[in-house]
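Asker: In UniProt numbering, the protein residues as written are 1 to 203. Note that beta-carbon positions come from the ideal geometry of N, C-alpha and C, so glycine has one too.
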Amino acid sequence: MSWTDERVELLKKMWGEGQSASQIAKELGGVTRNAVIGKVHRLGLSNRAGTAAGGAAAAPKAEAKPAPAAEPAPKPQPKAEAKPKPAPEPKAEPEPEKPKAEVRPAPLPPRKQIIPAGQPLPPQPSANEISPEALAKVNEVEKKAKKLTLMELTERTCKWPVGDPATDDFWFCGLPVQQGKPYCEAHVGVAFQPMSARRDRRR
DNA sequence: CCCTGATTCGC
DNA sequence: GCGAATCAGG
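#1: On a Cα-Cα basis, can you pick out the residue from Thr167, Asp168 and Tyr183 that is closest to Gly174?
#2: State the Cα-Cα distance for the pair Thr157 and Pro176, rounded to the nearest angstrom.
#3: Taking DSSP as the reference, what is the three-state secondary structure of Thr154?
#4: If you reduce the DSSP assignment to three classes, tell me which class residue 204 lands in.
#5: Per DSSP, which residues does Leu148 bridge with? Please list them.
#6: At the level of alpha carbons, what is the spacing between Val36 and Pro165?
#7: Tell me, to the nearest whole angstrom, how far the beta carbon of Lys181 is from that of Val188; I am working on the premise that it is less than 8 Å.
#8: Let me confirm a value: Lys144 is counted as buried when at least 16 other C-beta atoms fall within 10 Å, else exposed. Which label applies?
#9: Can you tell me the Cα-Cα spacing of Val141 and Thr32, whole angstroms?
#10: Can you tell which of Lys146, Leu148, Val40 and Val138 has its C-alpha closest to the C-alpha of Gly18?
#11: The alpha helix (DSSP H) that contains Gly189, what's its start and end?
#12: For Gly42, does the count of other Cβ atoms within 10 angstroms reach 16, so buried, or fall short, so exposed?
#13: Just how far apart, CA to CA, sit Gln23 and Leu45?
#14: Taking Lys147 as the reference, give the member of Lys13, Phe172, Gln178 and Thr167 with the closest Cα.
#15: Start and end of the beta strand (DSSP E) containing Gly163?
#16: To the nearest angstrom, how far is the alpha carbon of Val138 from that of Gly16?
Take a look at the structure:
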């Protein structure tokens, strides 16, 4: 494969949108992310935001540069290209990581949880108020879940439990986890609540 | 280990 | 110019 005009343009476009090199490479096909990065540099359009190094930084940032007298024109998009791409994830709260292999590793079971009554319930973060969207997603995901057993779980398999541990109908999602998280994308969606609009305790 | 971009350097 | 290998960081 070679860098045809079209391919270069797609590269520029995607890079401008904050896509990662690997994503771009995947999209283009026939090239590796290294090739993409190499090209990006050769084109001179490397840094797109503050810190480029590291998995961080992907969101477009407002330019705060003095902009000397040698900068290419910004990017006047003549065609109105609707591309709603808000932050896919609103920063989850600090979470007790690594429940490790316990009988019930999930802090927030999808179904009912049998709570041994007696003590006042521990601070259970919003067990409800999960967007119906997210829930629907989870239900779909469960269909294609890998249904792993406890022992089959690895560092990057979704550890979301499904079913009742007391029955045979119990398994773990097992889909690829979202980086850094213990769950797959869908389950992260219901596990990590951004913060619910505090319903004041009104009685 | 997964991922990210940055650099180097032989081709 | 190209991009695999390597580096550096999360």
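Answerer: Taking the structure as given:
#1: Tyr183
#2: 5 Å
#3: coil
#4: Residue 204 is absent from the structure shown; the chain starts at 1 and stops at 203.
#5: Phe172
#6: 47 Å
#7: 5 Å
#8: exposed
#9: 30 Å
#10: Val40
#11: Glu185 to Ala191
#12: The question names Gly, but residue 42 in the sequence shown is Arg. Flag for Arg42 reads exposed.
#13: 17 Å
#14: Phe172
#15: Pro161 to Gly163
#16: 32 Å
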